[in-house]
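Data first, discussion second: the structure below is written as structure tokens.
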Amino acid sequence: MCVGHLRAWACLLLCGVGALLAGGAASAATRPPTPLAYLDHALALMSANAVVAPVKGWPVVIRQARRMAAHAKKPADTYGAIIFALDQLYNAGDAHARFANPLTAKGDAQAATLVGTTATPPPSVSLLDGRLGVITIPAIDSPPTSPNGRRYSTSALSALSALETERDPCGWIVDLREDSGGNMYPMLLSLGPLLGNGPLIGFTGRSGFRFSVSYSDGVLSGGGYTVSAPVLVPALSPAPPLAVLTGPTTASSGEAVAIALRGRQNTRSFGAATAGITTSPHSYRLADGALISFSVSHDVDRNGTVYTAPIPPDQPIATDLPDSTSEQAAEQWLLATSECSHPG
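First residue of the sequence shown? That's 12 in the numbering used here, and the numbers climb one at a time after it.
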């Protein structure tokens, strides 16, 4: 669910659905694998788990990779062949495919420890036309329980609750146009009162459905992961109509949030299609500490629809039009709903 370079790699190490490391490094008492065994292990992980298939097909890619490493004397000599295989995934549409040698992986892990403390601009909450709430969700890499993750969600929930108390908006706009990804959990917690209780988003891999993430009274749970909102704001009742704004910068975890809102009753999306990174990555540690990462699942909405491409909005807005055009279309739709059509 991550997007970007070091930012995304930090997320893979610390955050979200694809953050767990598998295939641990060999212990000091274990004999290092032969170069061919090392390469075959990496290729087997990819071919068995990647949800994006190389255009050439795995048999061809595996043969080419093994040929590239035919004269390898040590595992590190196979890095080029492993990168070649990951490049085939990237070229086939897996934006999460990446390799890090042991030194780079160690440095990235050290840098990732700062992700939870570096301040991220929190969601902004405002009032439009005196009657509509607007919440803009920016990208965030930090885990939801980190200082930065808690700050992000606390700010959003406090502002949302204050606006509800003071102005009681009849409908809400959720702006995801600049949400380029990171960790979906702080984003979803920030929208908690608007989500509705129940399953939000699921993930399906090569072997079928893996798990779903549900929301209930300030708590997100799924896949063995449970996190509570830092500020408990009850679900808005009755549930207000929701307009969701998306665009080509809405990516990865930003798309996961958009998917979590699809299927919600009285909800409509506006703008342009998203980036199309509707997958969740997993990172695997090889015997010498190198890391490979690639997408192992596709996102699934609460109605069971699987997403494998850019997400088109319900009401497309030409990308050459001003950003305000999407906002105006969303505002027009919201004000026409039964919840907002009465005099305010």
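Think of the CB as a built atom: it goes at the ideal place given N, C-alpha and C, for glycine as much as any other residue.
Runs of beta strand (DSSP E) lying entirely within the stretch 195-249, each at least 3 residues, in chain order: 209-216, 219-227, 230-233 and 236-239
Cβ-Cβ distance between P321 and G274 below 7 Å: As a working mapping, residue 321 is identified with position 310 in the sequence shown. As a working mapping, residue 274 is identified with position 263 in the sequence shown. Contact flag unset, no.
Helix, strand or coil at T261 according to DSSP, with G and I counted as helix: For the purposes of this step, residue 261 is taken as the residue at position 250 of the sequence shown. T261: coil per DSSP, three-state reduction.
Local Cβ density within 10 Å of R109, reported as buried at 16 or more and exposed below that: Position 98 of the sequence shown holds residue 109. It counts as buried.
Where the beta strand (DSSP E) containing G144 begins and where it ends: Residue mapping note: residue 144 aligns to position 133 of the sequence shown, counting from 1. From DSSP, the beta strand (DSSP E) with G144 extends over L143 to T147.
Inter-stretch contact (C-beta, 8 Å, three-pair minimum) for the stretch 148-159 and the stretch 114-134: yes
Pair within 7 Å by beta-carbon distance, H309 and T316: By one-based count along the sequence shown, residue 309 stands at place 298. By one-based count along the sequence shown, residue 316 stands at place 305. The answer is no: Cβ separation not under 7 Å.
For V185, three-class secondary structure by DSSP: Your numbering for residue 185 matches position 174 in the sequence shown. Reduced to three states, the DSSP call for V185 is strand.
Per DSSP, the bridge partner or partners of S137: Along the sequence shown, read from residue 1 onward, the residue named residue 137 stands at position 126. DSSP lists V145 as partners of S137.
Straight-line Cα distance separating T289 from R95: If you number the sequence shown from 1, residue 95 lands on position 84. If you number the sequence shown from 1, residue 289 lands on position 278. Looking at the sequence itself, residue 95 is Phe, so the reference to Arg does not match. For F95 and T289, the distance between alpha carbons rounds to 23 Å.
R178 to S135 span [Cα, whole Å]: Position 167 of the sequence shown, counted from the start, is the residue given in the question as residue 178. Position 124 of the sequence shown, counted from the start, is the residue given in the question as residue 135. Rounded to the nearest angstrom, the two C-alpha atoms are 16 Å apart.
Which of helix, strand or coil DSSP assigns to L174: Locating residue 174 in the sequence shown gives position 163, counting from the first residue. Helix.
Which listed residue (Y49, Y226 and V71) has its alpha carbon closest to that of D88: As a working note, residue 88 is residue 77 in the sequence shown. Of the candidates Y49, Y226 and V71, the one whose C-alpha sits nearest the C-alpha of D88 is Y49.
Buried versus exposed call for A340 [16 or more other C-beta atoms within 10 Å across all chains shown]: What you label residue 340 is simply residue 329 of the sequence shown in a count that begins at 1. Answer is buried; the Cβ neighbour count reaches 16.
Best match in L206, S225 and A120 for proximity to G213 [C-alpha to C-alpha]: Along the sequence shown, read from residue 1 onward, the residue named residue 213 stands at position 202. When each option's Cα is compared against that of G213, the closest is S225.
Closest by C-alpha distance to N102, when choosing among T330, S201 and S306: Numbered from 1 along the sequence shown, position 91 holds the residue referred to as residue 102. Nearest C-alpha to N102: S306.
Euclidean distance between Cα positions of A2 and V311: Because the chain is modelled from 12 through 355, residue 2 falls outside the range shown and cannot be assessed.
First and last residue of the uninterrupted alpha helix (DSSP H) at L54: Translated into the one-based positions of the sequence shown, residue 54 becomes position 43. Taken as a continuous stretch (DSSP letters only), the alpha helix (DSSP H) holding L54 covers P46 to N60.
Rounded distance between the beta-carbons of L211 and T261, thought under 8 Å: Taking the first residue of the sequence shown as position 1, residue 261 is located at position 250. Taking the first residue of the sequence shown as position 1, residue 211 is located at position 200. Not really, about 17 Å apart at Cβ, beyond 8 Å.
Terminal residues of the alpha helix (DSSP H) in which S191 lies: Along the sequence shown, read from residue 1 onward, the residue named residue 191 stands at position 180. No alpha helix (DSSP H) contains S191, which DSSP labels as neither H nor E.
L31 (DSSP reduced to helix, strand or coil): Start at 1 with the first residue of the sequence shown, and residue 31 comes out as number 20. Unreliable placement is indicated for L31, whose pLDDT of 34 sits below 50; no coordinate value is reported for it.
Own chain residues within Cβ distance below 7 Å of E342, not counting five before or after: Sequence index remark: in the sequence shown, residue 342 carries index 331 (1-based). Answer for E342: L139, D140 and L143, listed in chain order.
Cβ-Cβ separation, V145 to L272 (assumed contact under 8 Å), whole Å: Position 261 of the sequence shown, counted from the start, is the residue given in the question as residue 272. Position 134 of the sequence shown, counted from the start, is the residue given in the question as residue 145. No, L272 and V145 are not in contact; Cβ-Cβ is about 15 Å, not under 8 Å.
Simplified DSSP state of P158, which is helix, strand or coil: Counting from 1 along the sequence shown, the entry for residue 158 is found at position 147. Note: P158 maps to helix in three-state DSSP.
Integer Cβ distance of I303 from L56, believed to fall under 8 Å: Residue mapping note: residue 303 aligns to position 292 of the sequence shown, counting from 1. Residue mapping note: residue 56 aligns to position 45 of the sequence shown, counting from 1. Confirmed, about 7 Å.
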